[in-house]
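Notes for the one structure printed next.
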Amino acid sequence: MATIRDNDVYFNLPSGYNIVSGKYIVTGSSVTGGQPSDVQKGSVLTCGSDGRFRFRVGRKGSGAVASWFNSQVDTAKNTTFGHAAGSLNFAFIGTLELTIQSSKETKNYQFSDVVLAQGKSGSSNNWWFGGKNCERIGDNQVKMLSADKSVQLTCQRGGNDVSTVFVTEISINRIWMKDIADDKYIDQLNIPGTHDTCTYTAGDAEAFGFVKTQSLDILSQLHAGIRYLDIRCRHIADRFTIHHGIVYLNLNFDNVLNDCIKFLKNNPTETILMQVKKEHTEEGNTSGRTFYDTFKYYIAEYQKSNPNLFYLENTIPRLKDVREKIVVIRRFDIDDNRIVCGVNTPYEDNATFSVDVGNGTVEIQDEYDFSNVNNKWSAIDRLLSQSKNKNMNQRQWFINYTSAAISLNAGNVFSGDTPQGIAERINPKLSSYMDNNLQAFLGTIIIDFPENPSLDSTVDQIINRNFK
């Protein structure tokens, strides 16, 4: 006679987070024929602070259950194991609700179409995990986006513990522009950005740590609330590769654009400000083909499937005109100055300077040549003093770089003044300034390693000023 069993699966959160409670609302199920089950469509299973959900179901493997499970999701793309099931005891699909507590808040999150199933691994009963809104990233992991797109969990199911779904990362998706009025101009917003956005691919020790300026990948930066990206393109073989100086970052411009498009499609209230800079030497291009020619190629190709993806005017736009778009900030020359291709910001080297655009000015501080913390902070503070007194009726866009670098040579390579070392000293000064000037307007602040000391003290503080 078939026996009903207690089948427990646990959800385990990373340090700093706790489960308060949870629900799993079953919307579909499959159980091997002849096996008893207390769980069916409409059942509501609950968990407490231990993260344990108990499924009272008989255990017997069958191909029929596996076939049902395989039909619910794309197992290669949407499950942690990344392949189809051959035999399963039971399988369910439903809505997962978790109430999660952090040091900042307690919040309820809902995840739609989550699949949970049990099979066999040796002598153990092995749980399967995934869902229609999960994206497999390898190493038995998926990224799972909440129904309201406000949070993304990185979930791991696999390894020695056959009955635990390990949540290894919780990424809050700050879709803050949805709460900004349409008629606001970009220069009227406090916007966090990153310098040399794509260097997260560099090793910590590469060039003694002087290449890496970021740890978070592009999507993680955007989910964190960053909206200004600094993209540096080498023109090679009629395409753009992504570089920091001479170092190829194992990314191409297509990778950058695809991540941005994915984010904007999921979050159409947002905009991305993308500075495009010509980096390193040109090589192997068709005779006479310029950097601008190749940039035009990318615009044409990507707008075939994403019409109006790019904002290419040389004016500071209103938010309503650039939601779900990439605003191009041009940091490369075009031979014909009559051509309009984005907000034109020709850079003065290692300077604070002003650039005229169609409907106003852009004020930029990028004094990157690092001598000491006080000198760099003085440059930042001078532009903060100007932005603090901004006339909101005038189009004046403040872009303030907190990043800096030293020349890489034998005399200073072991000084500790890597981008990370500088950020560890500059970022707390920025945080302290914001603490002491709660009403001060900032403009666009470009940061290295914004998670140092924490995203709360850098990115969140910048964003929150838009709502005071």
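First residue of the sequence shown: 1, per UniProt numbering; consecutive thereafter. Backbone N, C-alpha and C fix where the C-beta goes; we use that ideal spot for every residue, glycine too. This structure is a prediction, so every number in the text was calculated from the model and none was measured.
- In this structure, residue 129 lies near residue 157, with their beta-carbon atoms less than 9 angstroms apart.
- Counting only the Cα atoms, residue 101 lies some 35 angstroms from residue 66.
- Counting only runs of 4 or more residues that sit fully inside the region 313-388, the alpha helix (DSSP H) segments are 373-388, in chain order.
- A direct Cα-to-Cα measurement between residue 393 and residue 338 gives close to 28 angstroms.
- Each of 420, 152, 121 was checked against the Cα of residue 222, and the nearest Cα belongs to 152.
- A residue is called buried once 16 or more other Cβ atoms fall within 10 Å of its Cβ, and residue 136 is buried on that count.
- Leaving aside the five residues that flank residue 359 on each side, the residues in its chain whose CB is nearer than 8 angstroms to its CB run, in chain order, 315, 316, 395.
- For residue 134, the CB contacts under 6 angstroms within the same chain, skipping 5 residues up- and downstream, are 78, 142, 144 in chain order.
- With a contact defined as Cβ atoms closer than 8 angstroms, residue 441 and residue 376 miss out at about 21 angstroms.
- For the options 400, 325, 115, 12, the alpha carbon positioned closest to that of residue 168 is the one of 12.
- Listed in chain order, the non-local C-beta contacts of residue 36 below 7 angstroms within the same chain comprise 2, 4, 58, local neighbours out to five positions each way being set aside.
- Contact between the region 313-333 and the region 264-276 is present: 3 or more CB-CB pairs across the two stretches fall below 8 angstroms.
- By the Cβ rule, the region 246-253 does not count as touching the region 333-352, because fewer than three pairs are nearer than 8 angstroms.
- The C-alpha of residue 191 is placed about 9 angstroms away from the C-alpha of residue 465.
- Taking C-beta atoms as the reference points, residue 448 and residue 422 count as a pair closer than 9 angstroms.
- Boundaries cannot be given for residue 188, as no alpha helix (DSSP H) includes it and DSSP labels it neither H nor E.
- Counting along the chain, residue 424 sits inside no beta strand (DSSP E); it lies in the alpha helix (DSSP H) bounded by residues 419-436.
- The residue from 243, 296, 305 with its alpha-carbon nearest to that of residue 278 is 243.
- Residue 223: not part of any beta strand (DSSP E); member of the alpha helix (DSSP H) spanning 218-224, first to last residue.
- Residues of the same chain with a CB within less than 8 angstroms of the CB of residue 20, apart from the 5 flanking positions on each side, are 49, 99, 100, 101, 106 in chain order.
- At a cut-off of 4 residues, not a single continuous stretch assigned as alpha helix (DSSP H) sits fully inside the region 43-70.
- For residue 163 and residue 108, the gap between their C-alpha atoms comes out near 23 angstroms.
- One thing to note: residue 150 has its Cβ no nearer than 9 angstroms to the Cβ of residue 119.
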